[in-house]
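Let me begin by presenting the structure, written as structure tokens, before commenting on it.
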């Protein structure tokens, strides 16, 4: 499939782009508000994969053009840019496309990181509310450490929880997630269940901060 | 050490009692509002452990008398009974005692289970506010499936997150947790970090409900 990573020049976008390019045959399109930056990062990622002897083609475009070229559109942007990113590419979304949101909201105080639950109920729900009629939104990849994804020598062996109200779209995303070696996709139900998943991200950071030797943590349900 | 499980006739109390009695030499005291019920459950748990060829002594008392006999007091009661249980045993708490709270708050709707965050910020914080001056509260054992603990044939291989503002009390609880085979204790920081831990419990139920073959789930940070 063709996967566009909007905000794909950021760390989680880079991690997902590298993993899919390395482990699957999907076409990867990097999106950015700045097309020059998108092209330059796309070339950089492509070179990293080819250095490992895997032939791949990663392209870079302005977000709207990237979305237009893809069936799967990953909103790899901070939580506060989810709604405006969807609005900016709305005209490039077509029937059959799927939006994926991995974002979560966090705030930090002296004790550690805390989940910052938005008024909508979750960041995933913000994406649902901003998405055009008929374009399903699936939440996934919330609890993955970007640094670990980006390091292709790092083994995963962790889970990602997938939520959505469109079962067919959810099942497509589960399958895309499992195209990444070492990643297991688990169904966590509908969009209403998003907040508890998003809250795991600050928890992972707190656990890593308080235990020597643990960093870039993921989670495994067992 | 002497560990009292207040509300120890319930399922999480039974699970912790059986695991500690089976895997360690701690003295286990079952507490209940009803001393008859406490004694009867204590005998039942003791018989289960002795059936496995392990010599143990589990006693049962009314909650206040159970707390009086122990150094470690586990509040194995539902979230809405945390404060009144602490108040009921307050006169039986002594300097050096540690209160442990494993409770979380949940509500259910058509989609699944959701974390019900109390006004205090977390259920753990409710315990802190109800505890007498000088008695430290440690949050632990929030995300353990009672059914899995109770089945001594079930392997654990999972983590429990420990939080508290008294480092020495937290370290004692981490060590008690690791006395249970297959349980790893991880430090998740101070009481302010409790909500994200408590929210994992409804998440585990949602994941189990939506994936065939998964039940009594625990979590492993990796």
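Chains as they are written, first to last, in the numbering used here: chain A, 4 to 225; chain B, 4 to 225.
Positions of the beta carbon are idealized from the N, C-alpha and C atoms, including for glycine.
Span of the beta strand (DSSP E), counted from its first residue to its last, around residue i
i: residue 26(B); result: Residue 26(B) -> not in any beta strand (DSSP E); alpha helix (DSSP H) instead, spanning 14-26.
i: residue 6(A); result: 5-9
i: residue 138(B); result: No beta strand (DSSP E) holds residue 138(B); DSSP gives it neither H nor E.
i: residue 118(B); result: 116-118
i: residue 163(A); result: 161-167
i: residue 104(A); result: 101-104
i: residue 35(B); result: 30-35
i: residue 112(A); result: 109-112
i: residue 190(A); result: 186-190
i: residue 92(B); result: Counting along the chain, residue 92(B) falls outside any beta strand (DSSP E), though it belongs to the alpha helix (DSSP H) covering 85-92.
i: residue 222(B); result: 222-224
CB-CB length for residue i against residue j, believed under 8 angstroms
i: residue 219(B); j: residue 151(B); result: 4 angstroms
i: residue 30(B); j: residue 6(B); result: 7 angstroms
i: residue 27(A); j: residue 10(A); result: Between residue 10(A) and residue 27(A) the Cβ distance is about 20 angstroms, and since that is not below 8 angstroms, they are no contact.
i: residue 126(B); j: residue 69(B); result: So it is not a contact: roughly 21 angstroms between Cβ atoms.
i: residue 62(B); j: residue 40(B); result: Contact doesn't hold; Cβ gap of about 13 angstroms is too wide.
i: residue 149(B); j: residue 15(B); result: 5 angstroms
i: residue 194(B); j: residue 168(B); result: 5 angstroms
i: residue 78(A); j: residue 96(A); result: Actually they are not in contact, since the Cβ atoms of residue 78(A) and residue 96(A) sit about 12 angstroms apart, beyond 8 angstroms.
i: residue 76(A); j: residue 4(A); result: Contact doesn't hold; Cβ gap of about 11 angstroms is too wide.
i: residue 91(A); j: residue 108(A); result: So it is not a contact: roughly 20 angstroms between Cβ atoms.
i: residue 17(B); j: residue 153(B); result: 5 angstroms
Neighbourhood of residue i by C-beta, 7 angstroms cutoff - its chain only, sequence neighbours within 5 removed
i: residue 209(A); result: 115 and 116
i: residue 202(A); result: 118
i: residue 57(A); result: 25
i: residue 123(A); result: 129 and 132
i: residue 100(B); result: 74, 76 and 138
Contact set between residue i and chain B, taken where Cβ atoms lie within less than 7 angstroms
i: residue 218(A); result: Those do not exist, as residue 218(A) stays about 11 angstroms from chain B at its closest Cβ, beyond 7 angstroms.
i: residue 213(A); result: 190, 191 and 192
i: residue 160(A); result: 225
i: residue 196(A); result: 114, 115 and 209
Short Cβ contact (8 angstroms threshold) for residue i with residue j
i: residue 106(B); j: residue 82(B); result: yes
i: residue 140(B); j: residue 165(B); result: no
i: residue 224(B); j: residue 189(A); result: no
i: residue 104(B); j: residue 73(B); result: no
i: residue 143(B); j: residue 180(B); result: yes
i: residue 145(B); j: residue 204(B); result: yes
i: residue 85(A); j: residue 20(A); result: no
i: residue 213(A); j: residue 192(B); result: yes
i: residue 120(B); j: residue 172(B); result: no
i: residue 22(A); j: residue 183(A); result: yes
i: residue 55(B); j: residue 155(B); result: yes
Under 8 angstroms from the C-beta of residue i: neighbouring residues of chain B
i: residue 222(A); result: 222, 223, 224 and 225
i: residue 164(A); result: 206 and 210
N- and C-terminal bounds of the alpha helix (DSSP H) containing residue i
i: residue 77(A); result: Residue 77(A) -> not in any alpha helix (DSSP H); beta strand (DSSP E) instead, spanning 75-78.
i: residue 150(B); result: 149-153
i: residue 67(B); result: 66-71
i: residue 200(A); result: 197-201
i: residue 40(B); result: 38-53
i: residue 176(B); result: 170-181
Contacts of residue i in chain A (Cβ-Cβ under 7 angstroms)
i: residue 200(B); result: 206
8 angstroms CB neighbourhood of residue i in its chain, flanking five on each side removed
i: residue 185(B); result: 158, 159, 160 and 161
i: residue 80(A); result: 9, 10, 13, 88 and 106
i: residue 43(B); result: 63
i: residue 2(B); result: The question about residue 2(B) has no answer here: the residues shown for chain B are numbered 4 through 225.
i: residue 163(A); result: 143, 144, 145, 146, 147, 180, 186, 187, 188 and 189
i: residue 222(A); result: 146, 161, 162, 203 and 207
Where residue i meets chain A, residues with beta-carbon distance less than 9 angstroms
i: residue 118(B); result: 198, 199 and 202
Spatial neighbours of residue i in its chain, beta-carbon cut-off 6 angstroms, leaving aside the 5 residues before and after
i: residue 93(B); result: 135
i: residue 71(B); result: 95
i: residue 196(B); result: 166
i: residue 211(A); result: 217, 218 and 220
Distance cut-off 7 angstroms: residue i Cβ against heavy atoms of the ligand FAD
i: residue 56(B); result: With respect to the ligand FAD, the structure offers nothing, as it holds no ligand at all.
is_contact[residue i, chain E] using C-beta, thresh 8 angstroms
i: residue 24(B); result: The structure shown contains no chain E; its protein chains are A and B.
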